[in-house]
Every structure is written in structure tokens, then in C-alpha cells.
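Some notes on the structure that comes next.
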Amino acid sequence: MSRPHRLQALALAGCLATAQAQAQSSLMIWPLDPVIEEDQRAAALWLENRGQQPMSLQIRVLAWSQADRIDGYAPQETVIASPPMAVVPAGQRQLVRLMNTRPAPDGTELAYRVLVDELPNADGAEDGQRQGSAMGIKLQIRYSVPLFVSGKNHWTKPRADKPRDPATAARAELRWRTERGMDGHYLFVRNDGRAHARLTAVQWVRGDSVVTVNPGLLGYVLPGAEMRWKLDQAPPPGHVPQARVNNAEAATAFVAQ
């Protein structure tokens, strides 16, 4: 079992979280990148309450797509979270099974987002009112975990119970370009591969010259999609972007479009 990591709450449509509420959250979620392969019916997601009070949670799974450089989410019934609601006592953890009811097409992967909503606690709200706190309204926090379902002859992560040739793994194929808009410079990344790309530790590189774009998670690019990110400064001349793709140990240099 991998070590738990603290998730940053993602601001999706309808999310009521604030930076202060995110910092105060005590929910731990792992793994951060669950996968369901064609011979598996479910994946496990653990929710752990590191706080001092019980935590009420709602778990939903939405279909995830990218079009016109925008993330899209839609209701679906193929992947089901069980249980869909949970109350996790302080210091305890809850297992959620993400169950796939329909196989993905051969050689492809389907993308989903698992939304974990921390619901308002009635007792906590009453305590806040008694204390006369300015935070009189209990804020909801939403966490978003990516989930990928692979079809036959498609895999991205090694498995101890299923040895296979690493050369057969599905991979992202990334191409890049930059554009200058009215409000600044943008980095565009297109994925022409068969697997998603999780981009971390993005840098501009030219020989020994390295300029950091984002030391953490920049974002995802799904197969066949193109995404863009605004840059804090103009691209340094002659430099090429590189990143760690899907937690690879070594950085990958992008190919220019």
C-alpha cells in the first residue's frame, strides 16, 4: 500500500472551498491515481480522517473529457462508488470501492474524476455560531481524484501480479508550442498518444540552463486532447519544455509542433 498523501482541493464548478478551508482540511486520500484494467472489476480508494471530529463525505464519479482546451465533466453510470456516502470517525479510515460495470474499448482508456465532497457538519456549524466566529457558515470542500479505466491491450502502470514487457505500455506523445495573447504568453501541449499525461516538474531547458515553469503539478492532457497554461513570463529563447510524465523518474522533453 502506498503512503498516503495530502490532496489539494481542486476548484471545480460548484465548489465552495476557500484557501483557508483547504488548509484546515484533515482528509487524507490515497492512492492519488487509481486505475482499473480490463481484468479488474474495481479499484480501492481510501479516505482517512486525520481530524478530531467525525467527517461526513459524499463520493461521486463523473466522466471526464477535454475539448477546446477545457476540462468537461458529465454524469455517468459506468463506474460506481460504493459506498456513495460515508461518515468517517476521527482517526479512522473508510474504504471506497470504485466499481467498473462496462469494459473500455480495446486499446484505449476512459477518464473519470472521483469527487469527494466534505459535507457541512450540523454540530460544527452550531459550535461556530455559539463562538460568534466570522466563519459562521460551514464551508464545503471538494477533492477531485483522477481515475482511468483501461481496455484490453492497454496498460500504463506495472503490476506485481502481472509481469509484462514495459515496451508494450501505452504512453503519451506530447507536442508543444507557445503563443502570445493579449494577456500574456501561453504554453500549449497536445497529446497524440494512447495514454493520459500527468505533467509535473515542468521546466524550460537549454543545455545547463533551466527555468522552472511549475515545480509541482501543472495538469493533465488526455489522449487526443490539447491543453494550455498561462506562463508567468515569456519563454526563454532557445529553451525546450520538459516534464516528469505520469510520475516517471526521468524528465521527458516535448517535441515541437
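According to mature numbering (1 follows the signal peptide of the UniProt record, and there is no 0), the sequence shown holds residues -23 to -1, 1 to 234 in order. For glycine and all other residues, C-beta sits at the position ideal for the given N, C-alpha and C.
Take the Cβ of residue i as the centre, count every other Cβ of all protein chains shown within 10 Å, and call the residue buried at 16 or more, exposed below.
i	result
residue 32	buried
residue 187	exposed
residue 185	exposed
Between which two residues does the beta strand (DSSP E) containing residue i stretch?
i	result
residue 125	118 to 127
residue 181	174 to 183
residue 164	161 to 168
residue 218	217 to 222
residue 203	203 to 207
residue 192	186 to 198
residue 63	62 to 65
Please list, in chain order, all residues of the same chain as residue i whose beta carbon is under 8 Å from its beta carbon, the five residues on each side excluded.
i	result
residue 81	15, 87, 126, 127, 128 and 131
residue 195	176, 177, 179, 206 and 220
Since residue i sits in a beta bridge, which residues does DSSP pair it with?
i	result
residue 232	152
residue 39	52 and 90
residue 77	56
residue 20	75
residue 70	25
Residue i to residue j, Cα distance in whole Å?
i	j	result
residue 175	residue 71	27 Å
residue 19	residue 5	20 Å
residue 76	residue 210	43 Å
residue 145	residue 30	47 Å
residue 212	residue 231	14 Å
residue 160	residue 59	44 Å
Can you list, in chain order, the residues of its chain whose CB lies under 6 Å from that of residue i, leaving out five sequence neighbours each side?
i	result
residue 154	165 and 234
residue 37	92
residue 104	Summary for residue 104: the model assigns pLDDT 44, below 50, so the residue's position carries little reliability; its value from the coordinates is reported in the next sentence. Answer for residue 104: no residue qualifies.
I'd like the list of long-range same chain contacts for residue i, defined as Cβ closer than 7 Å, with 5 residues on each side in sequence excluded.
i	result
residue 228	178, 219, 220 and 221
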